[in-house]
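Colleague:
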Amino acid sequence: MASVPSLASTVQQRLADGLSAALPDAASADPLLRRSDRADFQANGILALAKQLKGNPRELATKVVEAIPANDVLKEIEVSGPGFLNITVTDAAIVDTLAARAADARLGVPLNESAGTTVIDYAQPNVAKEMHVGHLRSAVIGAAMVGILEFTGETVVRRHHIGDWGTQFGMLIQYLIEHPHELDHSSEAEVSGEEAMSNLNRLYKASRALFDSDEEFKTRARARVVDLQAGDEETLALWQRFVDESKIYFYSVFDKLDMDIRDGDVVGESGYNDMLAETCRILEESGVAVRSEGALCVFFDDVKGPDGNPTPLIVQKSDGGFGYAATDLSAIRDRVQNLKATSLLYVVDARQSLHFKMVFETARRAGWLNDEVKAVQLAFGTVLGKDGKPFKTREGETVRLVDLLDEAIDRASAVVREKAQDLTEAEIAERGAQVGIGAVKYADLSTSAARDYKFDLDQMVSLNGDTSVYLQYAYARIQSILRKAGDAKPVAHRELSLAASERALGLHLDGFGELVAEAAVEYAPHKLAAYLYQLASHYTTFYSECPVLKADTPEQVENRLFLCELTARTLHQGMALLGIRTPERL
Ligand code: ARG
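One point on numbering: in the working numbering, the residue at position 303 of the sequence shown is 332, and numbering is uninterrupted.
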């Protein structure tokens with residue numbers, strides 16, 4: 030493992046050297062370097078510095094340039110406009126840095142030296158309920174953050190906070206007691222996820238109907254909730270059957286999503302039951318929470334209802350029951366005190382933002398969160414239909430996630446089949462799934478999470494534009510070139526002069542590590558998606574302007590193969606972090 034400094038950071042360092050040599054007092058000034066279209070990089074920092082020193086920016090810039098020691102990275106620095114620096118690096122420097130990346134399994138991406146432990150709360154569907162597009166977003170964005178953070182060296186603990194507790198279980202369990210064979214499986218054969226969900230649906234509907242129409246059943250169902258909370262064994266065993274049946278369904282959907290969800294990481298709401306009373310006691314004794322009309326509440330100056338009265342976070346209801354907030358507060362204690370988290374990340378719908386704002390603030394007042402431990406909600410927006418309204422079926426019902434995924438796979442298979450030249454039916458099915466699921470994930474990840482986005486399958490599986498299919502084809506095309514290369518191997522040649530599109534591709538490849546670090550710190554997987562799309566675009570330009578296998582000299586063939594291969598590896602790595610496959614052939 031060798032981390033490779035990017036050219037941007039090397040240039041930044043050279044400029045900083047020049048700055049401190051020319052102006053010892055301003056040694057800490059930031060040259061403000063960024064990529065530029067005019068040259069390779071532009072630095073604008075001298076303008077602000079000159080203002081601060083009341084000097085002439087162009088003169089200052091010239092002084093800094095003269096103070097930069099001779100080196101073989103910088104080819105040209107031009108002082109331009111009011112005092113910018115336009116910086117061009119040598120072709121050899123680009124090839125050298127890429128060769129160093131290629132020599133490393135991690136593509137030279139450094140590990141974060143101040144990495145800590147992040148607990149990510151994501152992929153949290155609810156027991157006995159269908160999964161919908163909101164659960165899709167949490168799962169997809171959460172899994173991408175797991176990948177990105179782990180790659181930067183963070184210790185990641187996954188927590189799937191499934192909704193497996195609540196009063197509705199009284200009704201479900203009581204119904205099952207009175208209709209004992211309703212969850213029995215007809216054969217010894219494994220139950221499919223679909224069957225499991227349809228069993229649960231049937232039970233849910235039947236018990237709901239009874240609950241709403243039969244007062245005596247309602248009374249029995251309520252008594253059952255009390256048994257459940259008291260830990261009555263028979264009741265708990267039945268509750269467990271609902272959880273198990275639901276898990277069969279969840280895992281089938283996660284499997285279709287090509288997502289690795291481990292049973293040990295599923296710690297649902299029920300997992301914190303033992304802590305709830307103590308959480309409330311601590312909050313009440315410390316005065317963070319107060320009794321108000323019998324309920325245990327936390328108040329906030331800036332959280333008020335429409336009537337102007339403060340809206341509290343209710344930690345314990347007046348009937349003694351604990352709710353969603355008590356569970357989340359207990360989960361924070363567990364994650365901080367037992368799991369030793371330094372960051373808590375919640376990938377949850379933006380419509381729960383007020384809940385998390387109040388929960389985090391309460392935890393801060395209680396001292397569970399502080400300067401060493403932070404909590405962040407990575408809030409995501411709503412999935413909209415093509416009409417721009419929240420995604421619903423024509424009948425106004427929530428769209429079943431499985432149906433959507435199946436449709437995406439069907440569409441993608443059609444695209445793959447149309448392009449397929451030498452693929453068998455089995456291969457088309459496999460690629461169809463990889464392309465279809467990739468398309469759904471990428472569409473979700475390529476817009477910033479906070480924004481709503483339109484679920485448009487036609488656009489998602491399109492070969493042109495910002496789609497995963499475009500990226501997957503770019504990858505497969507490179508693999509096909511590498512296969513056709515025969516004896517010619519990818520080799521870096523630092524003595525060659527590079528075409529403009531080779532330089533652009535090379536500089537973009539060199540920025541991978543910095544981009545990953547940025548996506549990790551900002552919890553912004555969409556930045557990685559955007560980077561990969563630009564990478565594929567740079568590659569497309571390079572490919573149309575620079576013949577690879579028919580280049581002028583054997584060295585040039587090798588060097589271009591080298592660029593191709595590094596592009597493929599970077600695409601593959603980046604897509605893998607996002608949870609998207611890159612088939613070798615398409
Ligand atoms: N199960 C919840 C839902 O479907 C999401 C849980 C979010 N996580 C949490 N710690 N509250 O909306």
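Quick reminder that beta carbons are idealized off the backbone N, C-alpha and C, glycines included. Keep in mind that this is a model prediction, so the values were computed, not measured.
#1: Go to V93, then tell me how far its alpha helix (DSSP H) extends in each direction, as first and last residue.
#2: In three-state terms, what does DSSP make of T391?
#3: Can you tell me whether DSSP reads T340 as helix, strand or coil?
#4: Can you tell me which of F271, V175 and D150 puts its alpha carbon nearest to the alpha carbon of Y233?
#5: Using 8 Å as the threshold, is the C-beta distance between N85 and A79 below it?
#6: For A553 versus S477, is the C-beta spacing smaller than 8 Å?
#7: Compare the beta carbon distance of N230 and L212 with 8 Å and say whether it is the shorter of the two.
#8: Considering L407, what are the terminal residues of the beta strand (DSSP E) in which it resides?
#9: How about Q406: is its Cβ closer than 7 Å to a heavy atom in the ligand ARG?
#10: What whole-angstrom Cβ distance do A360 and V186 have, given they're in contact under 8 Å?
#11: Report the residue from P98, R67 and F70 whose alpha carbon sits nearest the alpha carbon of L48.
#12: Are L511 and L590 touching if we call contact CB-CB under 8 Å?
#13: Measure from the alpha carbon of A549 to the alpha carbon of each residue in V93, F180 and D150, then state which is nearest.
#14: Given that a residue counts as buried once 16 or more other Cβ atoms are within 10 Å of its Cβ, and exposed if not, what is A26?
#15: Identify whether G192 lies in helix, strand or coil by the three-state DSSP scheme.
#16: Indicate whether G222 and S281 have their beta-carbon atoms separated by less than 8 Å.
#17: Using the Cβ count rule (16 or more neighbours within 10 Å means buried), how would you classify N155?
#18: Could you check the C-alpha separation between E4 and D485 for me, to the nearest Å?
#19: Using only the heavy atoms of the ligand ARG, determine whether one of them is closer than 7 Å to the beta carbon of Q153.
#20: Any heavy atom of the ligand ARG closer than 7 Å to the CB of Y280?
#21: Near T184, which residues of its chain fall below 8 Å by C-beta distance, leaving aside the five closest residues on each side in sequence?
#22: With a threshold of 7 Å, establish whether the CB of Y301 neighbours any heavy atom of the ligand ARG.
#23: Taking the straight line between their C-alpha atoms, what separation do you get for D473 and L561?
#24: Quick one: is the Cβ of G410 within less than 7 Å of any heavy atom of the ligand ARG?
#25: For Y204, which residues from the same chain have a beta carbon less than 6 Å from its beta carbon, with the 5 sequence-adjacent residues on both sides left out?
#26: Which residue spans inside the region 437–485 form an unbroken beta strand (DSSP E) run of at least 3?
#27: Quick one: give me the first and last residue of the beta strand (DSSP E) that F571 is part of.
#28: Is A360 near the ligand ARG, judged by its Cβ being under 7 Å from some heavy atom?
#29: Check the C-beta distance from L600 over to Y502 and give it rounded, since I have them as a contact under 8 Å.
#30: Check whether the Cβ of D150 lies closer than 7 Å to any heavy atom of the ligand ARG, and answer yes or no.
#31: Go to D241, then tell me how far its alpha helix (DSSP H) extends in each direction, as first and last residue.
#32: Once the 5 residues before and after T340 are set aside, which same chain residues still bring their CB inside 7 Å of it?
#33: Is any non-hydrogen atom of the ligand ARG found closer than 7 Å to the C-beta of I277, if you look at the structure I gave you?
#34: Where do the N-terminal and C-terminal ends of the beta strand (DSSP E) with F630 fall, by residue?
#35: Any heavy atom of the ligand ARG closer than 7 Å to the Cβ of I191?
#36: Apart from the five residues just before and just after G323, which ones in its own chain have a Cβ nearer than 7 Å to its Cβ?
Modeller: Result, derived from the coordinates:
#1: Segment P86 to A96, the alpha helix (DSSP H) holding V93.
#2: T391 falls in the helix class under three-state DSSP.
#3: Here T340 sits in coil by DSSP.
#4: Cα-wise, what sits closest to Y233 is F271.
#5: Yes, the Cβ-Cβ distance between N85 and A79 is below 8 Å.
#6: The Cβ atoms of A553 and S477 sit closer than 8 Å to each other.
#7: Contact annotation: N230 and L212 have beta-carbon atoms that are not nearer than 8 Å.
#8: That run of the beta strand (DSSP E) goes K403 to F409.
#9: Checking every heavy atom of the ligand ARG against the Cβ of Q406, none is found closer than 7 Å.
#10: About 12 Å separates the beta carbons of A360 and V186, which is beyond the 8 Å limit, so they are not a contact pair.
#11: Closest option to L48, Cα to Cα, is P98.
#12: L511 places its beta carbon less than 8 Å from that of L590.
#13: Closest in alpha carbon position to A549, among V93, F180 and D150, is F180.
#14: Residue 26 is absent from the model: the chain starts at 30 and stops at 615.
#15: DSSP places G192 in the strand class (E or B) of the three-state scheme.
#16: A contact, by the Cβ cut-off of 8 Å.
#17: Using a 10 angstroms sphere on the CB of N155, the tally of other CB atoms reaches 16 or more, which defines it as buried.
#18: Only positions 30 to 615 of the chain appear in this structure, which leaves residue 4 out of reach.
#19: Here the distance from the Cβ of Q153 to the nearest heavy atom of the ligand ARG is below 7 Å.
#20: False, no ligand heavy atom lies under 7 Å from that Cβ.
#21: Closer than 8 Å at the Cβ level, and outside the excluded window around T184, lie A144, G145, T146 and T147.
#22: No - the ligand ARG has no heavy atom lying nearer than 7 Å to the Cβ of Y301.
#23: Taking the straight line from one Cα to the other gives about 15 Å.
#24: Not so, every heavy atom of the ligand ARG lies at least 7 Å from the Cβ.
#25: Within the same chain, S236 come within 6 Å of Y204 by CB-CB distance, once the 5 residues on both sides are set aside.
#26: The qualifying runs do not exist here; there are none.
#27: Element bounds for F571: not the beta strand (DSSP E) but the alpha helix (DSSP H), P554 to E574.
#28: Checking the Cβ of A360 against the ligand ARG gives yes.
#29: Wrong, their Cβ atoms sit about 11 Å apart, outside the cutoff.
#30: Checking the Cβ of D150 against the ligand ARG gives yes.
#31: G222 to S242 is the extent of the alpha helix (DSSP H) around D241.
#32: So the list reads V332, K333 and G334, once near-sequence residues are dropped.
#33: In this structure, I277 has its CB at a distance of at least 7 Å from all heavy atoms of the ligand ARG.
#34: Residue 630 is absent from the model: the chain starts at 30 and stops at 615.
#35: Result yes, Cβ under 7 Å from the ligand ARG.
#36: Within the same chain, G323 has close Cβ partners S347.
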